[in-house]
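A.B. asks: Pasting a structure below so you can have a look.
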Amino acid sequence: MAVRLSLVVASIGTLASLPFAVVIAFALARGKFWGKTLLDGLVHLPLVMPPVVTGYLLLIAFGRQGIFGKPLLDCCGLSFSFKWTGAALAAGVMGFPLMVRAIRLSIEAVDRRLEQAASTLGAGRIGVFLAVTLPLSLPGVLAGLVLAFAKALGEFGATITFVSNIPGETRTLPAAIYTLTQTPGGDEAAGRLVLVAIALSLAALVASEILARRLSTRISG
Amino acid sequence: MTLSVDIRRNVGDFSLDVAIEAPSGVTAVLGRSGAGKSTLVDAIVGLNRPDDGRIALDGTTLYDAGRRINLAPPKRRVGCVFQDSRLFPHLSVKSNLMFGRKRRGAASPDFDLVVETLGVSHLLSRRPRSLSGGERQRVAIGRALLSGPRALLFDEPLAALDSERKAEIMPFLETIVAGAEIPVVYVTHALEEARRLAENLVVLDAGRVTASGPVEAAIAAAGLSSAGDRFLDGVTVEAAIAEIDERFELTGLALGAHRIWAPGVLGAVGDAARVRLLARDVALSLDPPSRTSVRNVLPGVIRGVKRGAGPYASVTVDVGGAVLKSELTRRSIDELGLAPGKVVHAMIKGVAVARG
Chain A
1 MAVRLSLVVA
11 SIGTLASLPF
21 AVVIAFALAR
31 GKFWGKTLLD
41 GLVHLPLVMP
51 PVVTGYLLLI
61 AFGRQGIFGK
71 PLLDCCGLSF
81 SFKWTGAALA
91 AGVMGFPLMV
101 RAIRLSIEAV
111 DRRLEQAAST
121 LGAGRIGVFL
131 AVTLPLSLPG
141 VLAGLVLAFA
151 KALGEFGATI
161 TFVSNIPGET
171 RTLPAAIYTL
181 TQTPGGDEAA
191 GRLVLVAIAL
201 SLAALVASEI
211 LARRLSTRIS
221 G
Chain B
1001 MTLSVDIRRN
1011 VGDFSLDVAI
1021 EAPSGVTAVL
1031 GRSGAGKSTL
1041 VDAIVGLNRP
1051 DDGRIALDGT
1061 TLYDAGRRIN
1071 LAPPKRRVGC
1081 VFQDSRLFPH
1091 LSVKSNLMFG
1101 RKRRGAASPD
1111 FDLVVETLGV
1121 SHLLSRRPRS
1131 LSGGERQRVA
1141 IGRALLSGPR
1151 ALLFDEPLAA
1161 LDSERKAEIM
1171 PFLETIVAGA
1181 EIPVVYVTHA
1191 LEEARRLAEN
1201 LVVLDAGRVT
1211 ASGPVEAAIA
1221 AAGLSSAGDR
1231 FLDGVTVEAA
1241 IAEIDERFEL
1251 TGLALGAHRI
1261 WAPGVLGAVG
1271 DAARVRLLAR
1281 DVALSLDPPS
1291 RTSVRNVLPG
1301 VIRGVKRGAG
1311 PYASVTVDVG
1321 GAVLKSELTR
1331 RSIDELGLAP
1341 GKVVHAMIKG
1351 VAVARG
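Chains as they are written, first to last, in the working numbering: chain A, 1 to 221; chain B, 1001 to 1356.
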């Protein structure tokens, strides 16, 4: 149960943050604007702050009365507190810096002369991005996804602070392992989950490696 | 259609200050590396912004410092063929060719025709990486043409290729630019390319235009005579076809009162034709030669004698209607006493007269 929940939470959290990560990575890689350093710092905060602090901030911002939580609940009926959606949000936020970093690096590695050539052929900024920059940085996007997914799968501190540890709703794999280690006689079950966690992480790595190889041969012909 | 450029741009120690008018047809911009060629190309295409001046294409202002106009590259509709081809590695040759056409299809030429002309129809499904340098450049030319540009720039398209590949592409380039109805600016550091392709020439040196005008006049004005490629040095002569010798397949061009016979039939009587006379194919004689196989003997007056490095010297001869160049040894100069003002007979073997 915890395994399936963890997979769902990590996948949705990562995929939902992908579009934001691409936009921010592009802005950081190619943009010139005031406050760029500040944005860069903000994006990296979840990586350097204690996860519990991130969880607490999420609780304030996305709780039922939070500055983002209340409007989201009122307009779309989207509620985060003590729900699996909250766990997904925490997972997405914690993996976000890693994802942005990987995508940003690969966008920076795209040959700008190709983008210039595209612009002389009539492609506007968005056109250049969609037709040239993004396809050429797909391996980086994929690497970012995998890193963020792995981070999300292991996320513990922010999740438990934000949405607690409710069986079937917010008890993800790490939370389940922690709970079992606190329960008399739960060591054996905890061990099994630990093995599952290791297997999942390895599988993600291998899958991304294979995909990345296929992508890069497709890109460079 | 005319592309007019009048811009100034400072980058560090370098300053570019040029004014160029490029009408429909080919205008070559000739300059060494560091002369400001790339800065100029980027400014016209819209990839950099000059400090001051104006760029206009017919009625459209592309850049105007005074009126604060600076169109983005996609709005300029100026196609560019770069030295490093810049094909998109993740797209097939066909998708590369279609890249610009998709975006401004209406004005673009017929796809099949361009593909056929450039001889790339068998490459359409390939990826750029698997192409040779010459093939890549042909695809890049097609891609720029198919974007339906209102002006076309070539930024040293042959500079990265070896001489064999250059020779492979030249005929395609000649076909493509022949009778161009839009301004074509061909930037190069190779005099030969400028001569073969262009009608007009702008010579660029250290960010300034040092000469401009019809190709040969500009070359002479810039004092570019034996600039490096001595064995390819020579002149291009444009003249009317006076007669055609059907039996021997020769074309006679009227040069003043004389004729230059070129092999092959270059056109109809009355047409203008261009021929290329290499300096090393022009010999000089003090007396009118008799009983010689050389068909082209043109009396003239020596205008200048220039002793080069080593055993060579270069002599310019005014034959009335054209100034020829002759590459001789310094010894010939001394033994014949060749000096400006001396009357000589320039001799050119018929087979050495090439279509220019």
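Quick reminder that beta carbons are idealized off the backbone N, C-alpha and C, glycines included.
Determine the closest residue to residue 181/A out of 174/A, 190/A, 173/A, with distance taken between C-alpha atoms.
C.D. replies: Proximity to residue 181/A across 174/A, 190/A, 173/A peaks at 190/A, based on C-alpha coordinates.
A.B. asks: Label residue 1295/B either buried or exposed according to how many other C-beta atoms from any shown protein chain fall within 10 Å of its C-beta, with 16 as the threshold for buried.
C.D. replies: buried
A.B. asks: Distance check for residue 137/A and residue 213/A, CA to CA, integer angstroms please.
C.D. replies: 13 Å
A.B. asks: Taking residue 1342/B as the reference, which of 1331/B, 1349/B, 1318/B, 1330/B has the closest Cα?
C.D. replies: 1318/B
A.B. asks: Determine the DSSP secondary structure at residue 1204/B, reduced to helix, strand or coil.
C.D. replies: strand
A.B. asks: Helix or strand or just coil, what does DSSP make of residue 1314/B?
C.D. replies: strand
A.B. asks: If you compare alpha carbons, which of 1212/B, 1256/B, 1234/B, 1147/B is closest to residue 1241/B?
C.D. replies: 1256/B
A.B. asks: Across the stretch 1177 to 1186 of chain B and the stretch 1152 to 1166 of chain B, are there enough close Cβ pairs to call them in contact, namely three or more that are closer than 8 Å?
C.D. replies: With contact defined as three or more Cβ pairs closer than 8 Å, the stretch 1177 to 1186 of chain B and the stretch 1152 to 1166 of chain B are in contact.
A.B. asks: I'd like to know if residue 1025/B contacts chain A, where contact means its C-beta is closer than 8 Å to some C-beta of that chain.
C.D. replies: no
A.B. asks: Let me know the secondary structure DSSP gives residue 1096/B once reduced to three states.
C.D. replies: helix
A.B. asks: Between residue 1202/B and residue 1027/B, is the Cβ-Cβ spacing less than 8 Å?
C.D. replies: The answer is yes: Cβ separation under 8 Å.
A.B. asks: Using a cut-off of 7 Å between C-beta atoms, extract the partners of residue 1263/B located in chain A.
C.D. replies: Within chain A, no residue comes near residue 1263/B; the closest Cβ sits about 42 Å away, beyond 7 Å.
A.B. asks: Where does residue 1325/B sit, in a helix, a strand or coil, going by DSSP?
C.D. replies: strand
A.B. asks: Can you grab the Cα-Cα spacing for the pair residue 1136/B / residue 1121/B, in whole Å?
C.D. replies: 13 Å
A.B. asks: To which residues of the same chain is residue 52/A closer than 6 Å at the C-beta, ignoring the five residues directly before and after it?
C.D. replies: 157, 161
A.B. asks: Could you tell me the distance, in whole angstroms, from the CA atom of residue 225/A to the CA atom of residue 71/A?
C.D. replies: Any question about residue 225/A goes unanswered here, given that chain A covers just 1 to 221.
A.B. asks: Ordered along the chain, which non-local residues of its own chain (more than five positions away) have a Cβ less than 7 Å from that of residue 29/A?
C.D. replies: 104, 107, 108
A.B. asks: Relative to chain A, which residues along the stretch 1034 to 1062 of chain B have a C-beta separation below 9 Å, given in chain order?
C.D. replies: 1042, 1045, 1046, 1047
A.B. asks: Quick one, are the C-beta atoms of residue 1057/B and residue 1040/B less than 8 Å apart?
C.D. replies: Result no, Cβ atoms of residue 1057/B and residue 1040/B do not sit closer than 8 Å.
A.B. asks: Could you check where the beta strand (DSSP E) with residue 1285/B kicks off and where it finishes?
C.D. replies: Boundaries of the beta strand (DSSP E) around residue 1285/B: 1282 to 1285.
A.B. asks: Tell me the residue span of the alpha helix (DSSP H) that contains residue 148/A.
C.D. replies: 138 to 154
A.B. asks: Cα separation between residue 1228/B and residue 1222/B?
C.D. replies: With a pLDDT of only 47 at residue 1228/B, under 50, the local geometry of the prediction cannot be trusted, and no value is derived from it.
A.B. asks: Given a cut-off of 8 Å on the beta-carbon distance, is the pair residue 14/A and residue 92/A in contact?
C.D. replies: The answer is yes: Cβ separation under 8 Å.
A.B. asks: Would you call the stretch 1075 to 1092 of chain B in contact with the stretch 113 to 124 of chain A, where contact means no fewer than 3 C-beta pairs closer than 8 Å?
C.D. replies: yes
A.B. asks: When Cβ atoms are compared, which residues of the stretch 107 to 135 of chain A fall closer than 9 Å to chain B?
C.D. replies: 111, 113, 114, 116, 117, 118, 119, 120, 121, 122, 123, 124, 125, 127, 128, 131, 132, 135
A.B. asks: Just checking my contact of residue 1193/B with residue 1215/B at CB under 8 Å: how many whole Å lie between their CB atoms?
C.D. replies: That pair is no contact at about 11 Å.
A.B. asks: Is the stretch 1040 to 1049 of chain B touching the stretch 1098 to 1107 of chain B, taking contact as three or more C-beta pairs under 8 Å?
C.D. replies: Verdict: no, contact absent.
A.B. asks: Thinking residue 84/A and residue 169/A are a contact (beta carbons under 8 Å), I'd like their distance in whole angstroms, please.
C.D. replies: 5 Å
A.B. asks: Can you pull the chain B neighbours of residue 219/A, defined as C-beta to C-beta under 8 Å?
C.D. replies: 1089, 1090
A.B. asks: So, for residue 21/A: in the same chain, excluding its five sequence neighbours on each side, which residues have a beta-carbon less than 7 Å away from its beta-carbon?
C.D. replies: 96, 99, 100, 103, 144
A.B. asks: For residue 25/A, which residues of its own chain have a beta-carbon under 7 Å away from its beta-carbon, when the five flanking residues on both sides are left out?
C.D. replies: 100, 103, 104, 107
A.B. asks: Starting from the C-beta of residue 1226/B, find all residues in its chain whose C-beta is less than 7 Å away, skip the five residues before and the five after it, and write them out in chain order.
C.D. replies: Only weak support exists for where residue 1226/B lies, its pLDDT of 45 falling under 50; the value from the coordinates is given anyway. Excluding residues within five positions, the ones whose Cβ falls inside 7 Å are 1233, 1308, 1314.
A.B. asks: List the residues of chain D whose Cβ lies closer than 8 Å to the Cβ of residue 1082/B, in chain order.
C.D. replies: Among the chains of the structure shown, chain D does not appear; the protein chains present are A and B.
A.B. asks: From residue 1254/B to residue 1260/B, what distance separates their C-alpha atoms?
C.D. replies: In this structure, the alpha-carbon of residue 1254/B lies about 7 Å from that of residue 1260/B.
A.B. asks: Taking Cβ to Cβ, would you say residue 1346/B is nearer than 8 Å to residue 1298/B?
C.D. replies: yes
A.B. asks: Have a look at 1166/B, 1211/B, 1312/B, 1139/B and flag the residue whose alpha-carbon is nearest the alpha-carbon of residue 1117/B.
C.D. replies: 1139/B
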